[in-house]
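Here's the structure we're looking at; comments come further down.
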Amino acid sequence: MTQTTLTLNDGMQIPQLGFGTWQTPEEKAAAAVAAALAAGYRLIDTASAYGNETGVGEGIRRSGVPREKIFVTTKLWNSDQGFDETLRACEESLQRLRLDAVDLYLIHWPMPRMERYLDSWRALIALKNEGRVRSIGVSNFQISHLQHLLDETGVVPSVNQIELHPFFQQRELRAFHAKHGIATESWSPLGQGAALRNDRVLRIAQKHQKTSAQVVLRWHIDNGLITIPKSVTPARINENSRVFDFSLDAEDIALLDVLDSPKGRIGPDPDTADF
Ligand SMILES: NC(=O)c1ccc[n+]([C@@H]2O[C@H](COP(=O)([O-])OP(=O)(O)OC[C@H]3O[C@@H](n4cnc5c(N)ncnc54)[C@H](OP(=O)(O)O)[C@@H]3O)[C@@H](O)[C@H]2O)c1
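When we follow the working numbering, the leftmost residue of the sequence shown carries the number 584, and every step to the right adds one.
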């Protein structure tokens, strides 16, 4: 597969197609990650909260793909927020992954009621300066949380990883990202499978002789997003990687654009999330 990449606001390159590992158990993570790397994915997304960083690191080594060719993301969990706690949690993630550095470290959720994401962000800035992480970003941040980081530190996250699929397109947040040079990364890009059964998606898939998953992933790529579909099924891992040999036309995009709905969110609202 010929991967497309984006340049982040710190000059680093990130592949547009990545591989998600949420709900992939530790014992299946190494095989899934090795299969993904064999299929050509070069971005792997994990998190300390997924409980599979050890398996993810094992899969990277088992694949035989050189470390410098792989973009590895992990995330800081909510209970580890705070300056010192973040530094410690990052070291623990690196130990589990058995890596010297990750390519992207994200604050997993803002948890505004905890009032610790600013201290956590300052720790991420320190980690980047020390070279333990190459790029820094956030996940599930709303405009108000991003604005607070910008006002207090002047350091703009490279990435915001947010729930984004045809049923929940996050246009206002994406416009804010575009204005400030923040790359948008879509989590649950297939709507956890729901988008694959939609009539319009199925019709477009038939037209292009592609599967509905390939159509939805192509929609993310054509929109300039980074997308990280998850699967533990080898055939689907391969299927989801074959999205670089076609593109959607204006009619397809118009059909998918109207699926957007304020009620389309699957996951928690970041302002009120309580874990
Ligand atoms: N930052 C955050 O807060 C956050 C939150 C959620 C997710 N994420 C990240 O985003 C990644 C993706 O999101 P997600 O796992 O929630 O959902 P997703 O990628 O939208 O959907 C995954 C589901 O779709 C199925 N699937 C995958 N490819 C398919 C295909 N070609 N045909 C039919 N079914 C297919 C998978 O099944 P099988 O695995 O059984 O094949 C799985 O049940 C996560 O793994 C994680 O890395 C981040």
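No residue lacks a Cβ here, since even glycine has one placed at the ideal position from N, Cα and C.
1) With 16 other CB atoms within 10 Å as the buried threshold, where does K658 fall?
2) Could you tell me which residues DSSP puts in a beta bridge with H748?
3) Alpha carbon to alpha carbon, how far is V716 from D686?
4) Determine the burial state of P851: buried for a count of at least 16 other Cβ atoms within 10 Å of its Cβ, exposed for fewer.
5) By DSSP's criteria, Q596 is part of a beta bridge. Which residues make up the other side?
6) Which residues does DSSP list as the beta-bridge partners of I765?
7) Which runs of the beta strand (DSSP E) fall wholly inside the stretch 598-651 and span at least 3 residues, in chain order?
8) Less than 7 Å separating the Cβ of H691 from some heavy atom of ligand 1?
9) So which of L800, K813, K846 has the shortest CA-CA distance to T587?
10) Since H748 contacts S769 with CB under 8 Å, what's their CB separation in whole angstroms?
11) Given this structure, state the Cα-to-Cα distance separating V739 from Q792, to the nearest angstrom.
12) Using a 10 Å radius around the Cβ and a threshold of 16 neighbouring Cβ atoms, would you call K813 buried or exposed?
13) Hey, would you say the C-beta of R625 is under 7 Å away from at least one heavy atom of ligand 1?
14) Rounded C-beta distance between W704 and L732? I'm assuming under 8 Å.
15) How big is the Cα-Cα spacing for T585 and F827?
16) Grab the span of the alpha helix (DSSP H) containing K813 for me, first residue to last.
Per the coordinate set shown:
1) For the purposes of this step, residue 658 is taken as the residue at position 75 of the sequence shown. Counting Cβ neighbours within 10 Å, K658 comes out buried, since at least 16 surround it.
2) The residue labelled residue 748 in the question sits at position 165 within the sequence shown. Paired residue(s): F751.
3) Stepping through the sequence shown from its first residue, residue 716 is reached at position 133. Stepping through the sequence shown from its first residue, residue 686 is reached at position 103. The alpha-carbon atoms of V716 and D686 are separated by roughly 6 Å.
4) The sequence position of residue 851 within the sequence shown is 268, counting from 1. In this structure P851 is exposed. Its beta-carbon is surrounded by fewer than 16 other beta-carbon atoms within 10 angstroms.
5) The residue you call residue 596 lines up with position 13 of the sequence shown. Its beta-bridge partners are T590.
6) Residue numbering aside, residue 765 sits at position 182 when the sequence shown is read from its first letter. DSSP output for I765 lists no bridge partner at all.
7) 626-628
8) In the sequence shown, the residue the question calls residue 691 occupies position 108. Yes, Cβ of H691 sits closer than 7 Å to a heavy atom of ligand 1.
9) For the purposes of this step, residue 587 is taken as residue 4 along the sequence shown, with counting starting at 1. Ranking the options by Cα distance to T587, first place goes to L800.
10) On the sequence shown, position 165 is the one that residue 748 refers to. On the sequence shown, position 186 is the one that residue 769 refers to. At roughly 7 Å, the Cβ-Cβ gap stays under 8 Å, so H748 and S769 are in contact.
11) Position 156 of the sequence shown, counting from 1, holds the residue named residue 739. Position 209 of the sequence shown, counting from 1, holds the residue named residue 792. Near 41 Å, if we compare the C-alpha coordinates of Q792 and V739.
12) Against the sequence shown, residue 813 aligns to sequence position 230. Label assigned to K813: buried.
13) Walking along the sequence shown from the start, residue 625 turns up at place 42. For ligand 1, not one heavy atom lies less than 7 Å from the Cβ of R625.
14) Taking the first residue of the sequence shown as position 1, residue 704 is located at position 121. Taking the first residue of the sequence shown as position 1, residue 732 is located at position 149. Confirmed, about 5 Å.
15) Within the sequence shown, numbered from 1, the residue matching residue 585 stands at position 2. Within the sequence shown, numbered from 1, the residue matching residue 827 stands at position 244. So the alpha carbons of these two residues sit roughly 7 Å apart.
16) By one-based count along the sequence shown, residue 813 stands at place 230. Taken as a continuous stretch (DSSP letters only), K813 belongs to no alpha helix (DSSP H), as it is neither H nor E.
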